[in-house]
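Down below is the structure, laid out as structure tokens.
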Amino acid sequence: GNNAQGKTNLLESIYVLSFTRSHRIFSDENLIMKNKKNCLIKGLLDNDGINSNLKIQLDDNQKKIYVDNENIKKLSDYISKMNVIIFFPEDLYIIKGNPKERRKFLDNEITQFVNGYYELLNDYNKILKIRNDFLKKIHNGEKINEQYFNIITDYLIKKGSLIIKIRYKFINQINKYIEKIYYNIMRIKNFNVKYENCLNISSINENIEKIFKNKLIQNYENDIKNGSTSIGPHREDF
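Just so we're aligned, residue 636 is where the sequence shown starts under this note's numbering, counting upward by one.
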């Protein structure tokens, strides 16, 4: 197609219908046409003969999501409805960029397959921020509620361990297929994805919560010094 014919808009609308946000911009307001107050994206999804009507409506600072005309309140209940893969120039940062870019890519893919994963990540990040705030206070010599700090840490371990298990299973599943696919493209054998998990576990049958807790105890003094948690899914790579 020629320039300015709407090719990118069409692709972006499909992505938004799947993820409820754009792959290009951070603000939903920028999806609304200039001088307009709202926008609507809708599509009919045929999933092995099962049809679903998906709809996203954006108004001033408000987003409404529908499946078969039923308003969906929780984002985590919607995202896994429609799976998409997009490739655009910025995706090269998956290879060239820092681990944060790769984690973001991995988590986006998992979110489409594991219902509740999006909510789990959000919970973990909220708890992580609270714990880091406590570490900064300890570093500055402020008194804290140690009992509450320990509860927060235990909660972080519980949520983080679930994330690690899900990532581990997902990458193992990818590795069942990726070697053959890559060989068909590049004629190179033994290609796989290596999950550099924060706990150095070799199996999800290990006691992940116990290992996680011991690692946090070992790094406690350094974490106070740096004012941040050094061990957890937020530090992983692949």
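Ideal Cβ placement from N, Cα and C applies to all residues, glycine included.
*Taking all protein chains shown into account, do 16 or more other C-beta atoms lie within 10 angstroms of the C-beta of residue 651, making it buried, or fewer, making it exposed?*
Taking all protein chains shown into account, residue 651 has 16 or more neighbouring C-beta atoms within 10 Å of its C-beta and is therefore buried.
_Going residue by residue through the stretch 699 to 731, where are the continuous beta strand (DSSP E) segments of at least 3 residues, counting only ones entirely within it?_
Taken in chain order, the complete beta strand (DSSP E) segments of 3 residues or longer contained in the stretch 699 to 731 are 705 to 707.
*Going by the beta-carbon positions, is the gap between residue 836 and residue 843 smaller than 8 Å?*
The criterion of a C-beta distance shorter than 8 Å is satisfied by residue 836 and residue 843.
*Please confirm if the stretch 753 to 769 is in contact with the stretch 779 to 790, defined as three or more CB-CB distances below 8 Å between the two stretches.*
Touching, per the Cβ criterion.
*How is the alpha helix (DSSP H) around residue 837 delimited, first residue to last?*
Careful: residue 837 lies outside any alpha helix (DSSP H) and carries neither H nor E.
*Can you tell me which of the three DSSP states residue 944 falls into?*
Residue 944 lies beyond the range of the chain shown here (636 to 873); nothing can be said about it.
*asked:* Do residue 773 and residue 779 have their beta-carbon atoms positioned less than 8 Å apart in this structure?
replied: Taking 8 Å as the Cβ cut-off, residue 779 and residue 773 qualify as a contacting pair.
*Whole angstroms is fine: what's the gap from residue 854's alpha carbon to residue 661's?*
Distance between the alpha carbons of residue 854 and residue 661: 35 Å.
*Would you list the residues sitting across from residue 697 in a DSSP beta bridge?*
Within the DSSP secondary-structure output, residue 697 pairs in a beta bridge with 694.
*Taking residue 742 and residue 698 to be in contact with their CB atoms under 8 Å, please state how far apart those CB atoms are, rounded to whole angstroms.*
Contact doesn't hold; Cβ gap of about 20 Å is too wide.
*Rounded to a whole number of angstroms, what is the C-alpha to C-alpha distance between residue 769 and residue 803?*
Approximately 29 Å, taken between the alpha carbons.
_Short of 6 Å in beta carbon distance, which residues of its chain neighbour residue 746, apart from the five on each side in sequence? Order them along the chain._
Once the five neighbours on either side are set aside, the close Cβ partners of residue 746 are 714, 752, 753.
*Alpha-carbon to alpha-carbon, residue 795 and residue 863*: Approximately 15 Å between the Cα atoms of the pair.
*Can you check whether the CB of residue 688 is closer than 8 Å to the CB of residue 703?*
At the C-beta level, residue 703 and residue 688 come within 8 Å of one another.
*Please check the pair residue 675 and residue 686, which I expect to be a contact at CB under 8 Å, by giving their CB distance rounded to whole angstroms.*
Residue 675 to residue 686, Cβ: 19 Å. No contact.
*asked:* So, with DSSP's three-state summary, where would you put residue 685?
replied: In this structure, residue 685 counts as strand in the three-state DSSP scheme.
*DSSP on residue 642, reduced to helix/strand/coil?*
Helix at residue 642.
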